[in-house]
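Down below is the structure, laid out as structure tokens.
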Amino acid sequence: MTITTPDPAKHKKAKALKPSSRRPAKELCSECGLCDTYYVHYVKDACAFIHQHIAELEEEAHGRSRNLDNPDDWYFGVSQDMMAARKKQPIEGAQWTGIVSSIACEMLNRGMVEGVVCVQNTKEDRFGPMPVIARTPEEVLAAKVNKPTLSPNLSVLEQIEQSGMKRLLVIGVGCQIQALRAVEKQLGLEKLYVLGTPCVDNVSRAGLQKFLDTTSRSPETVVHYEFMQDFQVHFKHEDGSIEKVPFFGLKTNQLKDVFAPSCMSCFDYVNSLADLVVGYMGAPFGWQWIVVRNDTGQQMLDLVQEQLDTQPVMSQGDRKKAVQQSIPAYDKGVTLPMWAAKLMGIVIEKIGPKGLEYARFSIDSHFTRNYLYVKRNHPEKLDAHVPEYAKRIVGQYKLPEA
Ligand SMILES: Cc1cc2nc3c(=O)[nH]c(=O)nc-3n(C[C@H](O)[C@H](O)[C@H](O)COP(=O)(O)OP(=O)(O)OC[C@H]3O[C@@H](n4cnc5c(N)ncnc54)[C@H](O)[C@@H]3O)c2cc1C
């Protein structure tokens, strides 16, 4: 059941509930924050890991769900436009060029919204997530750059209703946005804008530490990192230096358990329910990737259009063989010696998939891995939890026996 109609009686009852420390999704909980609020009452319908109903929510948010006859829809979701873009004047210290922060600042400056749900960091820890409702551009800018850990963004939902805010922008990743869309009608807003980023392979704070310790030459000085389109992880350090580690050199055998079980079970890499998505995976190296899902998303993008250089999306190469070969290699936790990983990285960078084909490569690799994970660890959930579009993507490959 989708929670579409506000039901004052039910909502009053929900508000009387104390937020629960119980997480009904158990080990699959992505700590989106919903259960920290009285909206926990809706969790069984809203949680992305208990009740998958993306198609229904797409219909409500965008006026249609994915067209299953169109493979682009399988991969990228409902869209009315797509492009590569970057800010002419990047925001210093943003994750990429700061398109997300710029849109949020414009929306506040122009009075389109009264607040922005975003994630600053805690005083003690640059990667420790601290969700806030920003009311000024300065507060939005203080949230720039990824906190690459599970973040309880929805824990601030109660404050929205209490503050009497009527127009709100929420920035978030797929699992947060699925739960948000499911309770949207209960928030008492006149207008909700949703600015999403793609997300994959997220980790708990402890998991992040393990990843940094295992992969970087200087874990304590990392201020920013990204899995880039050149098949390398780029770590930026406090002194401004960039360290590059090829994907194929990651210590897969040690990192196999580092990703959160929720992320190993996620099939919403591209944030299906946001009005506008800003990532990088479908764009050429150095550019951000923009997906406009509906008219609201277009309105948001229009606000910063003049600040951007743009180019059409492109697609080059053929990912399928590489994906098929990587399935058993990942499954067995194969780790290459660094010299071989570097060599392979150089070759793949030259002849490998680019633009939208790189995005398909990444989606295929993660969906096949996640399908196997759910099949092995939660077989009873497999059929209902995996959306139809993801079944079609996974169906293109031969998977190892469970
Ligand atoms: C955990 C995570 C994983 C991602 N993985 C991918 C990926 O695989 N492929 C891809 O194309 N793009 C991915 N992205 C998006 C990409 O890394 C950039 O965030 C995006 O392109 C925006 O860059 P920017 O410079 O415009 O953002 P900025 O202007 O720097 O703003 C970043 C925004 O991200 C929000 N944010 C930070 N941490 C979190 C968090 N943990 N949860 C929710 N919101 C957060 C902040 O509130 C801030 O508003 C991911 C983002 C996150 C947060």
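Numbering-wise (the numbering used here), the sequence shown opens with residue 23 and increments by one. No residue lacks a Cβ here, since even glycine has one placed at the ideal position from N, Cα and C. Fair warning: this is a prediction, and the values are worked out from it, not measured in the lab.
Note down the Cα distance separating residue 229 from residue 51, rounded to an integer number of angstroms.
Near 15 Å, if we compare the C-alpha coordinates of residue 51 and residue 229.
Give the DSSP-derived three-state secondary structure of residue 352 in the structure shown.
Taken through DSSP and simplified to helix, strand or coil, residue 352 comes out as helix.
Got a sec? Which residues, its chain only, sit under 7 Å from residue 53 by beta carbon, not counting five neighbours each side?
Residues 172 and 174 of the same chain have their beta carbon placed closer than 7 Å to that of residue 53, with the five preceding and five following residues left out of the count.
C-beta atoms of residue 245 and residue 265 nearer than 8 Å
Residue 245 places its beta carbon 8 Å or farther from that of residue 265.
Under 7 Å: does the beta carbon of residue 140 sit that close to some heavy atom of ligand 1?
If you check the C-beta of residue 140 against ligand 1, you find a heavy atom less than 7 Å away.
If we require 3 or more residues per run, which beta strand (DSSP E) segments fall completely within the segment 227-293?
As far as the segment 227-293 is concerned, its whole beta strand (DSSP E) runs of at least 3 residues are 244-249, 254-259 and 264-268.
Helix, strand or coil: which one does DSSP assign to residue 96?
Under the three-state reduction of DSSP, residue 96 is assigned to helix.
Going along the chain, which residues of its own chain have a beta-carbon closer than 7 Å to the beta-carbon of residue 128, five neighbours each way excluded?
Cβ within range, chain order: 325 and 326.
List the endpoints of the continuous beta strand (DSSP E) containing residue 103.
Residue 103 -> beta strand (DSSP E) spans 103-109.
Buried or exposed by the 16-neighbour rule on C-beta atoms within 10 Å, applied to residue 432:
Coverage of the chain is limited to positions 23 through 424, which leaves residue 432 absent and any answer about it impossible.
Near ligand 1: residue 303 beta-carbon under 7 Å from a heavy atom:
Checking every heavy atom of ligand 1 against the Cβ of residue 303, one is found closer than 7 Å.
Identify the continuous beta strand (DSSP E) that holds residue 369 and give its terminal residues.
Not the beta strand (DSSP E): residue 369 falls in the alpha helix (DSSP H), residues 360-373.
Quick one: complete alpha helix (DSSP H) runs, 4+ long, within the segment 108-162?
Within the segment 108-162, the complete alpha helix (DSSP H) runs of at least 4 residues are 121-131.
How long is the line joining the alpha carbons of residue 415 and residue 239, rounded to whole angstroms?
In a straight line, the C-alpha of residue 415 is about 36 Å away from that of residue 239.
What separation, rounded to the nearest whole angstrom, lies between the Cα atoms of residue 430 and residue 55?
Since the displayed the chain opens at 23 and closes at 424, residue 430 lies outside it and no answer follows.
Pull up the CB-CB distance for residue 339 and residue 367, whole angstroms please, since I reckon it's below 8 Å.
In fact, because the Cβ distance is near 15 Å, the residues do not count as touching under 8 Å.
Residue 237 classed as buried or exposed, judged by whether at least 16 other C-beta atoms fall within 10 angstroms
By the neighbour-count rule (16 or more Cβ atoms within 10 Å), residue 237 is buried.
Let me check understanding here. Comparing Cα to Cα, which of 71, 255 and 301 lies closest to residue 49?
It is 71 whose Cα lies nearest to the Cα of residue 49.
In the structure shown, what three-state DSSP assignment does residue 199 receive?
Residue state for residue 199 is assigned as helix, using DSSP reduced to three classes.
Which residues in the same chain have their Cβ closer than 6 Å to the Cβ of residue 164, if we skip the five residues on either side of it in sequence?
Within the same chain, and ignoring the five residues on either side of residue 164 in sequence, the residues whose Cβ sits closer than 6 Å to its Cβ are 142.
Near ligand 1: residue 224 beta-carbon under 7 Å from a heavy atom:
Indeed, a heavy atom of ligand 1 lies less than 7 Å from the Cβ.
Apply the 10 Å Cβ neighbour rule to residue 362 and answer buried if 16 or more other Cβ atoms are within range, or exposed otherwise.
Around the Cβ of residue 362, a 10 Å sphere holds fewer than 16 other Cβ atoms; the residue is exposed.
Taking the C-alpha atoms as reference points, what is the distance between residue 26 and residue 179?
Only weak support exists for where residue 26 lies, its pLDDT of 49 falling under 50; the coordinates are left without a value.
Buried/exposed call for residue 409, threshold 16 Cβ in 10 Å:
Counting Cβ neighbours within 10 Å, residue 409 comes out buried, since at least 16 surround it.
Please indicate yes or no: does the CB of residue 113 lie closer than 7 Å to some heavy atom of ligand 1?
It does: the Cβ of residue 113 is within 7 Å (strictly closer) of some heavy atom of ligand 1.
Best match in 149, 289, 254 and 220 for proximity to residue 370 [C-alpha to C-alpha]:
The residue among 149, 289, 254 and 220 with its C-alpha nearest the C-alpha of residue 370 is 254.
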